[in-house]
Amino acid sequence: MIIESKVHAKNLVAWAKEKKEVLVLSADLTSSTEIDTFRESYPERFLSMGIAEQNMLSFAGGLAREGFIPFVHTFAVFIYRRAYDQIAMSVSYPNLPVKMFGFLPGITTPGGVTHQAIEDISVMRSLPNMTILDCGDATDVESVLDVAYFANGPVYIRMLRGEIPRLFDKNEPMKLGVNRTLSQGSDLVILSCGICTEEAMRAIPLLQKKGLSIQHIHVSTLKPFSGKPILDLIARSKYGVITMENHSVTGGLGSIMAEEIAEAGLGKKLYKIGIHGYAHGANKAYLMKEYKIDAMALVEKIEEITKTSFNIQEEDLKKVYIEPVHTISKAEAL
């Protein structure tokens, strides 16, 4: 597997070169959100707003009214928890093109509950006019800029930073409302998003060797959600669908599918793998295992569903890259 470093930092500078209307806003987390190189390259298009997220989102709304496209950068929790009212009234209600890049989604940070955005999809998808995108690898991180830029109105992006894997072909970019089919099968449909897609990819080849026919789909557009093609696959499946997400089991991908299945009247089972309750601080790999959103959790869930023991152990799974907490690609542990 190829591991890329500071993908957003490198890509944003080249991508934004001729887009003079794109302004980048920081809430005093410039290097931590990989926009220090943008600041150095285009200082006249960079705005440091300080630790004042509510003001930053209102200001971004004002910039958008004047014809600019603000790219707001901070940790995800500081976007939707601190500035929800400003997003609702100054951005979402007037349907303005403010693009919000939320870093450290879910349990991708050792910072504990104050820094872990585990309910952001739930909160943000309740806002009218809001588009929600979730990045799963380096290709998603690179191509999400175009998707966000051309999407009508406000966009919230669950962004990755530091050292991240390239799971998908660089020449097959993210597209709004289009899911990636990673494997095909009729026994079970697995929907994964964000960093959980890599975990599913660690387990699925082994499960297929054990005789399971698995349809694996990576979902990057959580709103608007393209349900019809997925519902058709679920309807034809033997066991139903598993959702797998780096988010609370309430309000995220699992809840989206529950709504879709209920509205379609499908008599198929839904199983949700996600975060139950709050998490503590530790490295990503440890937390994914501890809170059961990793490859082994998927194996165990499928064993439970199929009432079959596949005799798969942790050491049998594809190895996962463990990113050091402190590296040159990240300014600090949080």
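For the sequence shown, position 48 (counting from the first letter as 1) is numbered 368 according to the working numbering, and the numbering increases by one without interruption.
Ideal Cβ positions, reconstructed from N, Cα and C, are used throughout, including at glycine.
Close Cβ partners of residue i (< 7 Å) along its chain, the five nearest in sequence each way excluded
{"i": "Ser378", "result": "Gln406 and Ser410"}
{"i": "Ser412", "result": "Leu447, Pro448, Asn449, Met450 and Pro474"}
{"i": "Lys638", "result": "Arg522"}
{"i": "Lys621", "result": "Ile562, Tyr591 and Ile593"}
{"i": "Leu553", "result": "Val509 and Gln535"}
{"i": "Phe630", "result": "Leu527, Lys530, Val619 and Glu623"}
{"i": "Ile632", "result": "Leu526 and Val619"}
{"i": "Gly601", "result": "Pro430, Gly431 and Gly432"}
DSSP bridge partner residues for residue i (one or two, in chain order)
{"i": "Gly422", "result": "Thr394 and Arg478"}
{"i": "Pro485", "result": "Ile323"}
{"i": "Gln535", "result": "Val509"}
{"i": "Ile389", "result": "Val342"}
{"i": "Ala437", "result": "Pro425"}
{"i": "Ser503", "result": "His536"}
Contact test: residue i Cβ vs the ligand SAH heavy atom, cutoff 6 Å
{"i": "Leu637", "result": "Among the components of this structure there are no ligands whatsoever, and the ligand SAH is therefore not found."}
Secondary structure of residue i, DSSP reduced to three states
{"i": "Asp405", "result": "helix"}
{"i": "Arg445", "result": "coil"}
{"i": "Asp454", "result": "strand"}
{"i": "Thr429", "result": "coil"}
{"i": "Tyr559", "result": "coil"}
{"i": "His600", "result": "coil"}
{"i": "Thr350", "result": "coil"}
{"i": "Val461", "result": "helix"}
{"i": "Val467", "result": "helix"}
{"i": "Asn415", "result": "coil"}
{"i": "Asn331", "result": "helix"}
{"i": "Met564", "result": "strand"}
{"i": "Thr541", "result": "strand"}
{"i": "Leu367", "result": "strand"}
{"i": "Lys548", "result": "helix"}
{"i": "Phe379", "result": "helix"}
{"i": "Lys337", "result": "coil"}
{"i": "Lys609", "result": "helix"}
{"i": "Glu643", "result": "coil"}
{"i": "Ser410", "result": "helix"}
{"i": "Ala372", "result": "coil"}
Own chain residues within Cβ distance below 6 Å of residue i, not counting five before or after
{"i": "Ala336", "result": "Val342"}
{"i": "Gly457", "result": "Strictly speaking, residue 457 in this sequence is Asp, with Gly absent from that position. Hits under 6 Å: Pro485, Arg486, Leu487 and Phe488."}
{"i": "Val333", "result": "Thr357, Phe358 and Ser361"}
{"i": "Val443", "result": "Tyr400"}
{"i": "Ala584", "result": "Leu551"}
{"i": "Val344", "result": "Ile355, Phe358, Phe366 and Phe391"}
{"i": "Ile427", "result": "Gln436, Ala599 and Leu607"}
{"i": "Lys604", "result": "Thr428"}
{"i": "Pro493", "result": "Ser463"}
{"i": "Gly370", "result": "Asp348"}
Residue i - containing alpha helix (DSSP H), residue span
{"i": "Thr626", "result": "Ala615 to Thr626"}
{"i": "Leu637", "result": "First-last for Leu637: undefined, no H or E at that position."}
{"i": "Lys495", "result": "Where Lys495 is concerned, there is no enclosing alpha helix (DSSP H), given that its DSSP letter is neither H nor E."}
{"i": "Arg359", "result": "Asp356 to Ser361"}
{"i": "Arg522", "result": "Cys516 to Lys529"}
{"i": "Leu573", "result": "Leu573 to Ala584"}
Host beta strand (DSSP E) of residue i (start-end)
{"i": "Lys592", "result": "Leu590 to Ile595"}
Chain-order list of residues whose beta-carbon lies under 8 Å from that of residue i (same chain, five-residue window excluded)
{"i": "Tyr559", "result": "Asp507, Leu508, Lys589, Ile625 and Thr626"}
{"i": "Tyr469", "result": "Lys339, Val342, Ile389 and Lys419"}
{"i": "Ser503", "result": "Ile524, Gln528, Ile534, Gln535 and His536"}
{"i": "Thr434", "result": "Val397"}
{"i": "Ala408", "result": "Leu447"}
Query raised in the report: Between the stretch 349–366 and the stretch 517–537, are three or more C-beta pairs nearer than 8 Å?
Result: No contact exists between the stretch 349–366 and the stretch 517–537.
Query raised in the report: Counting Cβ pairs, one atom from each stretch, are 3 or more of them under 8 Å apart for the stretch 385–393 and the stretch 412–429?
Result: Judged by Cβ distances under 8 Å, the stretch 385–393 makes contact with the stretch 412–429, as three or more pairs qualify.
Query raised in the report: Can you find at least 3 beta carbon pairs, one from the stretch 604–623 and one from the stretch 548–558, that sit closer than 8 Å?
Result: No, the stretch 604–623 is not in contact with the stretch 548–558.
Report task. Inspect the CB distances between the stretch 423–438 and the stretch 465–481 and report whether three or more fall short of 8 Å. Result -> Three or more beta-carbon pairs separated by less than 8 Å link the stretch 423–438 to the stretch 465–481, which places the two stretches in contact.
Query raised in the report: Does the stretch 570–585 come within contact of the stretch 525–537, defined as at least 3 CB pairs closer than 8 Å?
Result: With a cut-off of 8 Å, the stretch 525–537 and the stretch 570–585 do not count as touching, because too few Cβ pairs lie within range.
Requested in this report: Could you tell me whether the stretch 592–605 touches the stretch 426–438, using the rule of 3 or more Cβ pairs below 8 Å?
Outcome: Look at the beta carbons and you see the stretch 592–605 touching the stretch 426–438: at least three pairs across the two are nearer than 8 Å.
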